[in-house]
Amino acid sequence: MIERHASVVVQTFVRVLTPLAQLFALYVLAFGHYSPGGGFQAGVILGATYILLALAFGRDILDRKVNQPVCVALGAAGVLLYALTGVAGMAGGGTFLDYSRLPLPVTPVRARYFGILFIETGVTLGVAATLIILFCRLGEQESNR
Amino acid sequence: MNYPYWVAVGLLMLGLYTMIAHRNLLKKAVGMTIFQTAIILFFLLLAVKRDASLPIVSGADVDPARFMNPLPHALMLTAIVVMVATSGVALAILIRLYARYGSLEEDVIAERVASDEADPA
Amino acid sequence: MRAHLPILPVLLPLVGALLQPLVGLASRHAAWPLAVATAAATAAAGIAGLLDVLARGTRRYSVGGWAPPWGIEVVLDPLSAFTVCVIAVVATLTLLAGGPSARATYEGEEPTYYSLTLLLVAGLLGMVVSGDLFNVFVFLEVASISSYALVASGGGPALAAAFRYVVLGTIGASFYLLGVGCLYALTGTLNMADLAARLPAATGSPLFGGGIVFMVVGLAVKMGLFPLHGWLPDAYTRAPAPVAAVMAPVATKAAAYVLARVLLYVIRPEGLPVGTTLAWVGAAAIVAGGALAATQVDARRLLAYSSVSQMGYIALGLGLGVQDALVGAYLHILAHALMKAALFVALAAAVLDGRGPTLRALRLGSRMPITGACAVVAALSMIGVPPAAGFFSKWYLLQGALAAGQPILAGAILGGSLLAVVYMYRFTEAVWFGEPRAAGGPPEAPMPLLVGLVALAVASVAVGLGNAALVSNVLGPAAAGVGR
Amino acid sequence: MSELILAGLLVLLVLLAVVAVRAPDLLLAVITLGAYGFVMSLIWAVMGALDVAFTEAVVGAGATTVLFLAALLRTSRRRSPAASPLRWVALAVALGTGGAVLGVTSGLPRWGDPTSAPATHVSPRYLVRTLSETATPNAVTSVLADYRGYDTLVETTVIFTAGLGCWLLLTPRRR
Chain X
1 MIERHASVVV QTFVRVLTPL AQLFALYVLA FGHYSPGGGF QAGVILGATY ILLALAFGRD
61 ILDRKVNQPV CVALGAAGVL LYALTGVAGM AGGGTFLDYS RLPLPVTPVR ARYFGILFIE
121 TGVTLGVAAT LIILFCRLGE QESNR
Chain Y
1 MNYPYWVAVG LLMLGLYTMI AHRNLLKKAV GMTIFQTAII LFFLLLAVKR DASLPIVSGA
61 DVDPARFMNP LPHALMLTAI VVMVATSGVA LAILIRLYAR YGSLEEDVIA ERVASDEADP
121 A
Chain F
1 MRAHLPILPV LLPLVGALLQ PLVGLASRHA AWPLAVATAA ATAAAGIAGL LDVLARGTRR
61 YSVGGWAPPW GIEVVLDPLS AFTVCVIAVV ATLTLLAGGP SARATYEGEE PTYYSLTLLL
121 VAGLLGMVVS GDLFNVFVFL EVASISSYAL VASGGGPALA AAFRYVVLGT IGASFYLLGV
181 GCLYALTGTL NMADLAARLP AATGSPLFGG GIVFMVVGLA VKMGLFPLHG WLPDAYTRAP
241 APVAAVMAPV ATKAAAYVLA RVLLYVIRPE GLPVGTTLAW VGAAAIVAGG ALAATQVDAR
301 RLLAYSSVSQ MGYIALGLGL GVQDALVGAY LHILAHALMK AALFVALAAA VLDGRGPTLR
361 ALRLGSRMPI TGACAVVAAL SMIGVPPAAG FFSKWYLLQG ALAAGQPILA GAILGGSLLA
421 VVYMYRFTEA VWFGEPRAAG GPPEAPMPLL VGLVALAVAS VAVGLGNAAL VSNVLGPAAA
481 GVGR
Chain G
1 MSELILAGLL VLLVLLAVVA VRAPDLLLAV ITLGAYGFVM SLIWAVMGAL DVAFTEAVVG
61 AGATTVLFLA ALLRTSRRRS PAASPLRWVA LAVALGTGGA VLGVTSGLPR WGDPTSAPAT
121 HVSPRYLVRT LSETATPNAV TSVLADYRGY DTLVETTVIF TAGLGCWLLL TPRRR
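Protein chains in written order, with the numbering used here: chain X, 1 to 145; chain Y, 1 to 121; chain F, 1 to 484; chain G, 1 to 175.
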């Protein structure tokens, strides 16, 4: 199936590119307020770095680097972070997902700004973990079923 | 001129035809993607305003006619995610089907399913 | 908490579903109790919401603090609160009763299974309480995608059924979305209340008719309405027994509810023959589904086709649109959910005992008298024997058809009951007199299964006995003002 | 000028869709579908929907292609050339639907009309007030994450549901 790519050039390139791509994902997440992009795109980019790794170092690296049940739980935790941000708005006296009532020491409008950042972080986590699971499962070697 | 909408209609028909007429399940999945993007195209065409720019605003006194309608953009971001999620599940099912029945052709699978159901092993 | 009652039926199962994989890391045995507790809390919130609505009127809840139509609102009125209760209560009982069967099917994967079923419930409830057309689409997809995966998890033949379900389900959802797009292009809004206010000025446009037709066709696919029911029989027949027990009673009901909501409360297409068409298609579904059910030898397929027939009753009532017919349709949503849940749970008990799925091998009576008796109560409700709930829903539908001056449709309702006598007689006969199997194992079904099953059967009769109170307090007000 | 580019891209889009559907080799079909997604993302960019373009590029052209390729690796590239008995039904359904949609499009506002209902009702508030109400200049982000944040919560739930579904389907049972 997907085998270890022998070329040292490719492996070195991927080794350098991976952290850069992950950094870019963080940039996309943080600057979604001002420019196109946001949590979802950041999550996909973050997840895609793992495909790069698999392409360069063989699919086995995913089995070594990724604990899949934990990855599923992380995906759930991402969505949960989103939902709990909404519940925090309820705790502050607003309706569900009312970020202006988040218990933060800032003005309601700034609180909305931060609320968006929180939920986008949750989206990134949820999407990245889910995509990694998808790639791990869909790319799995033929099993004995 | 409303010609861009005609492209959406064409893609819609092509996708729908493929989903029903093609016997290969992967082709059906391809048709499904085209069908869904046709509807996304339809929505996004609604967002266009002539001579308007990206919906990223600065300063006060914003004239809404000068910016694209952001609502369909936000809706279709969601629709694209739904599209890839559906594809993911469809492909997972397809992989299991191939592992079990050794084919992606609808009629071959149907035959083997029938013999499976007659004699569940 | 009262302030948040409208959102709780969505929030509770969603959070419960997300907790499953996290708790699953620590213990796999907590999954089932956690799922039942989540569903029970959701049902409690739903009942509290219904009581609140009945006491103090419709509740509108602006998610995110944004007033509609800019934000998304969640609406609890008598109809949505009632439907929430139906789905949440039935899901609680089927999750409870399905536990032993799910353990046998999903050994080691229970957290994933229960997470997906709770996501299905959250999706269905989200569709019901939503006051925004696009939001309904997104929840519809949560419910659909979890259903696809749950059906496919049966492996083998279930995979083929699930792929067909994905293709047809996607066509249905996309048609719905296209209809929403037409109405959005026409009015610029997605909020149901805002749309209802702005549409009357725009009924002349082709976008109006197109929007309605695409939405109705899409929802008809999702509710398994004949002749667009192609995905349903295989999916319900081949899905694992616990999945069928959870899905079959409620999955199509949310789509039927959205159809009612859109047609009767939002769009109200007076100039177009949508209602009449729907009523006649419903009549065709009653007869065709019943006739197909009567010829089946597989018990699950028999029940699946009976679902096609029973969804026909709901469509017929919604299409007629007169007060009694609407009450009958709403009551039938409840009655059918209860009886179909009981029947699929009884089948799950048989499968657990190594019987079925063919009618010949069913024979519950001799080894499982309580399970068998409950199945028979549900079967009598399906036929429409008083005092079971199924009698009263059909009674109201019949009244409605006569009040609307449609004797042929009334005939279809009666004919459907006659067909139900045929197929349910075959089912009941199989339950009591089928081919005996070698004895072994415990004589009755496991306790949780029995508790859930008995509760469903008792509820079927209780709803029938208490139908007058239910109709005058809940369903009458829900149908008031929209009936023709 | 941009209108010409758009027209060209739309023509290219249709051609790629036809190739993806007609290709006898499934690998070719999948690769063409990736190109189709890429052209689609260019179209969104030309139409001023950069956020959608970005997502389409990473999801439509990127993730979807990878998923299809992964599926292809575990199944088969070949497909049987025999025609389906359903093709006339499919043609009738497609033509009927297409005709209906085409009939409906005659009621659409003129393309790009800044006075149409979607342009004048509901949406202007997002543009006018996104800065003062959410401190977020990108109106798409504020609609997505705040005004309609409920949708986005459910959207994230959808993708998680799909991940969970694949996990359930493709993990060998431990028994």
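Using N, Cα and C, we set each Cβ at its ideal position, and we do this for glycine too.
With a Cβ-Cβ cutoff of 9 Å, do residue i and residue j count as a contact?
i, j, result
"Q20/F", "A37/F", "no"
"D113/G", "R50/Y", "yes"
"R60/F", "G131/F", "yes"
"L45/Y", "A21/Y", "no"
"A119/G", "T130/G", "no"
"L456/F", "T371/F", "no"
"A375/F", "V431/F", "yes"
"Y313/F", "A329/F", "yes"
"L15/G", "G88/Y", "no"
"A193/F", "P68/F", "yes"
"I383/F", "A420/F", "yes"
"A79/Y", "I39/Y", "yes"
"G47/X", "F135/X", "yes"
"G107/G", "L186/F", "yes"
"A40/F", "T92/F", "yes"
"I51/X", "Q22/X", "no"
"F175/F", "F208/F", "no"
"A31/F", "Y148/F", "no"
What residues match up with residue i in a beta bridge as DSSP calls it?
i, result
"S62/F", "E73/F"
"N191/F", "D132/F"
"N138/G", "I56/Y"
"N140/Y", "Past the boundaries of the shown model lies residue 140/Y; chain Y is included only from 1 to 121, so the question cannot be answered."
"E105/Y", "N24/Y"
"D298/F", "T358/F"
Quick one: give me the first and last residue of the alpha helix (DSSP H) that residue i is part of.
i, result
"I7/F", "Run containing I7/F: none; DSSP gives neither H nor E here."
"R363/F", "No alpha helix (DSSP H) holds R363/F; DSSP gives it neither H nor E."
"R112/X", "P108 to L138"
"F208/F", "P206 to K222"
"P100/F", "P78 to T105"
"F24/X", "V8 to A30"
"T161/G", "G149 to L170"
"I267/F", "Premise fails: I267/F is in no alpha helix (DSSP H) and is neither H nor E."
"D52/F", "A31 to R56"
"W231/F", "Element bounds for W231/F: n/a, residue is neither H nor E."
"Y82/X", "Q68 to A91"
For residue i, which residues in the same chain have their Cβ closer than 6 Å to its Cβ, ignoring the five residues on either side in sequence?
i, result
"R223/F", "The sequence given here has Met at residue 223/F, not Arg. Excluding positions up to five away in sequence, the list reads T252, A255, A256 and M311."
"R175/G", "For R175/G, the predicted model reports a pLDDT of 40, less than 50, meaning its position is unreliable and no value from the coordinates is stated."
"E106/Y", "R23"
"V90/F", "P249, V250, A337 and A341"
"A410/F", "L398, A401 and L402"
"G169/F", "S144"
"Q36/Y", "M83"
Looking at chain C, is there any beta carbon in it that lies within less than 9 Å of the beta carbon of residue i?
i, result
"D107/Y", "Note that chain C does not occur in the displayed structure, where the protein chains are X, Y, F and G."
By Cβ distance below 8 Å, which residues in the same chain neighbour residue i in space, the five residues on each side in sequence not counted?
i, result
"I408/F", "A283"
"A245/F", "T94, A97, G98, S101, A341, F344, V345, L347 and A348"
"M47/G", "L6"
"L125/X", "G43, L74, G75, A77, G78 and L81"
"P6/F", "G49, R59, R60, Y61, V74, V75, L76 and V129"
Who are the Cβ neighbours of residue i in its own chain at under 7 Å, not counting the five residues just before and after it?
i, result
"T64/G", "G37"
"G60/G", "G37, M40 and S41"
"H29/F", "none"
"V53/F", "R59, L76, D77, P78 and A81"
Contacting positions in the region 7-20 of chain F - beta carbon closer than 7 Å to chain X: I7, L11, L14, V15 and L18
query: Got a sec: which bits of the region 58-79 of chain X sit with their beta carbon under 8 Å from any beta carbon on chain G, in order along the chain?
result: Q68, V72, G75, A76, G78 and V79
message: Please identify, using Cβ separations under 8 Å, the residues of the region 54-82 of chain G that lie next to chain X, in order along the chain.
response: F54, T55, V58, V59, G62, A63, V66, L67, A70, A71, L73 and R74
task: Output, in sequence order along the chain, the residues in the region 110-136 of chain G whose CB is closer than 8 Å to any CB in chain F.
output: S116, A117, P118, A119, T120, H121, V122, S123, R125 and Y126
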